[in-house]
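In our numbering, the protein residues as written are 3 to 481.
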């Protein structure tokens, strides 16, 4: 079994195995004609259930043959131009190269004596991102597993900076369109059911700062503590960006921690034409970025950035066997001192390789392309009598609803839209997302693929309308 360990003696075997795997994936990508096969859980489960994990196949070629039937054949392929569903991006080749390197070397980014250069590369990228945000020299941060973890750590820091033991008095303010991880973080932090105050949004789905001001005043009048304000720079459904300068002013006035969830909108940091949409983000106390959304990186690649690096001490714990206190005096850079995680992948390498090959402008151009495409898609939807589109996009999402020409109840329209989404997914021709707006069922395009065209959007709209019309026609016949 030692022949399977990666080391100097098995380097040739490693090269052959990985090369074969790359070739299989490359062939699959080249041959993919749709984003999905339409396979159902009931169809696929028997093939996986039949695998006896206690009877190994013995070599990687056989395992890759098997993988074709249990994974590769029916995977959902985000690189396909008609994958239009969630915040999943096609990935750039330099980042995939970085993924291959970091997996093989297998550095763990918790302590210097496990990562050396990896630690310094991650720190360099944190400094680079902070510079793009506009933070000063005291800023710091750390890579995380994703936006939910980044938001959790930001709110942990906010809770500790609030400097009160009366957790029941702490309040977090976020818009009604903010990410669910805000509520989940409040629960994990022991803040209670009422800790998150939901602020309504305007017709452009941006937090209403006037209402926020009123809620903050009420909070103070009731003797409660405004712990944090979470502004969203790119809501999951609408891509809307909250009014950051106004929120920053209110955070200053009420002494609240300002966190900006820019998991989606962080791509604007690399844009040469849209960076101004993030004006005010430099006034935040903390910022979440997800490079695996709008920087075209493989999952996972996220970070939490803070304006004052000293606040990261709230996540620090010293263990004699890992990062003893003496290492601080010795100025040994242990990233675990800043992180909620201990063992942690060198995910920063993917972004490093991307920047060294493509540069920030290259990333920004790709993100600008999908934002431009969303504007084209909005025009198509607004001009199409079959659809109601909710709001013009700031980033690259479109939320819309099929509306039949004939009379139909809102409930029937809900069911028609749900059916259309499911039928489209089952066909494998395209994948779109769904959400609710004011209690009604809507569909959603999340455009993160520069290879997607306006013609793709138009074709998918025709497919959706066809499925919805068929459903309503059959429903009428049955009635």
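For glycine and all other residues, C-beta sits at the position ideal for the given N, C-alpha and C.
Checklist entry - On the three-state DSSP scale, how would you describe residue 440? => result In the structure shown, residue 440 sits in coil (DSSP, three-state: anything other than H, G, I, E or B).
Checklist entry - So, do the region 266-280 and the region 203-217 have three or more beta carbon pairs nearer to each other than 8 Å? => result No: fewer than three Cβ pairs fall under 8 Å.
Checklist entry - Would you call the region 81-89 and the region 423-442 in contact, with 3 or more CB pairs under 8 Å? => result They touch, by the three-pair rule.
Next on the checklist: Just to confirm the assignment: which complete beta strand (DSSP E) runs, minimum length 3, are found wholly within the region 139-201?
Outcome noted: 142-146, 172-177 and 198-201
Next on the checklist: So the candidates are 124, 429 and 172; which of them puts its Cα closest to the Cα of residue 113?
Outcome noted: Relative to residue 113, the option among 124, 429 and 172 whose CA is nearest is 124.
Item to check | Boundaries (first-last residue) of the beta strand (DSSP E) holding residue 232 | outcome: Residues 227-234.
Item to check | For residue 71 and residue 175, the rounded distance between their alpha carbons | outcome: Approximately 47 Å between the Cα atoms of the pair.
Next on the checklist: I need the DSSP call for residue 262, collapsed to helix, strand or coil.
Outcome noted: strand
Item to check | Within-8 Å CB hit, residue 66 to chain D | outcome: Protein chain content of the structure displayed is limited to a single chain, and chain D is not contained in it.
Next on the checklist: Relative to the C-alpha of residue 454, which candidate in 420, 465, 374 and 408 has its C-alpha closest?
Outcome noted: 374
Item to check | Where residue 86 sits in the DSSP three-state scheme | outcome: strand
Checklist entry - Which residue spans inside the region 302-367 form an unbroken alpha helix (DSSP H) run of at least 4? => result Restricted to the region 302-367, the alpha helix (DSSP H) segments that are unbroken, complete and at least 4 residues in length are 328-331 and 350-359, listed in chain order.
Checklist entry - Taking the alpha-carbon positions, what's the residue 438 to residue 324 distance? => result 47 Å
Checklist entry - In this structure, does DSSP put residue 298 in helix, strand or coil? => result coil
Checklist entry - Where does residue 443 land, buried or exposed, given buried means 16+ other C-beta within 10 angstroms? => result buried
Checklist entry - Mind checking whether residue 299 and residue 356 have CB atoms under 8 Å apart? => result yes
Checklist entry - What separation, rounded to the nearest whole angstrom, lies between the Cα atoms of residue 225 and residue 39? => result 57 Å
Checklist entry - Should residue 280 and residue 235 be called a contact, given that it needs their Cβ atoms to be closer than 8 Å? => result yes
Checklist entry - Going by beta carbon distance, what residues of the same chain come within less than 6 Å of residue 383, once the five residues before and after it are set aside? => result 389, 391 and 402
Next on the checklist: Assuming the contact rule is C-beta atoms closer than 8 Å, residue 506 and residue 217 should be a hit. Round their C-beta distance to whole Å, please.
Outcome noted: Look at the range of the chain in this structure, 3 to 481, and you will see that residue 506 is not part of it.
Item to check | Spatially closest choice to residue 29 from 126, 17, 64 and 74, by CA coordinates | outcome: 74
Checklist entry - According to the Cβ coordinates, are residue 345 and residue 376 closer than 8 Å? => result no
Item to check | Neighbourhood of residue 59 by C-beta distance below 8 Å, restricted to the same chain and skipping five residues each side | outcome: 65 and 68
Checklist entry - At which residues does the alpha helix (DSSP H) containing residue 21 begin and terminate? => result Per DSSP, residue 21 belongs to the alpha helix (DSSP H) from 13-33.
Checklist entry - Could you give the residue range of the beta strand (DSSP E) that holds residue 417? => result No beta strand (DSSP E) contains residue 417, which is instead part of the alpha helix (DSSP H) from 412-429.
Checklist entry - Which residue from 241, 197 and 7 puts its Cα closest to that of residue 230? => result 197
Checklist entry - Any idea what DSSP makes of residue 448, helix, strand or coil? => result strand
Item to check | Where residue 49 sits in the DSSP three-state scheme | outcome: helix
Checklist entry - Using the C-alpha atoms, what's the distance from residue 327 back to residue 80? => result Near 45 Å, if we compare the C-alpha coordinates of residue 327 and residue 80.
Item to check | Spatial distance of residue 16 from residue 9 (CA atoms) | outcome: 9 Å
Checklist entry - Hey, how far is the Cα of residue 222 from the Cα of residue 301? => result 41 Å
Next on the checklist: Taking only three categories from DSSP, how would you classify residue 405?
Outcome noted: coil
Checklist entry - In chain order, what residues of the same chain have a beta carbon less than 8 Å from the beta carbon of residue 481, not counting five sequence neighbours either side? => result Because the pLDDT of residue 481 is 47, which lies under 50, any placement of that residue in the model is unreliable, and the number read from its coordinates should be weighed accordingly. No residues qualify anywhere along the chain.
Checklist entry - Where residue 53 and residue 76 are concerned, what is the direct C-alpha to C-alpha distance, given to the nearest angstrom? => result 17 Å
Item to check | Beta-carbon gap between residue 335 and residue 121 smaller than 8 Å | outcome: yes
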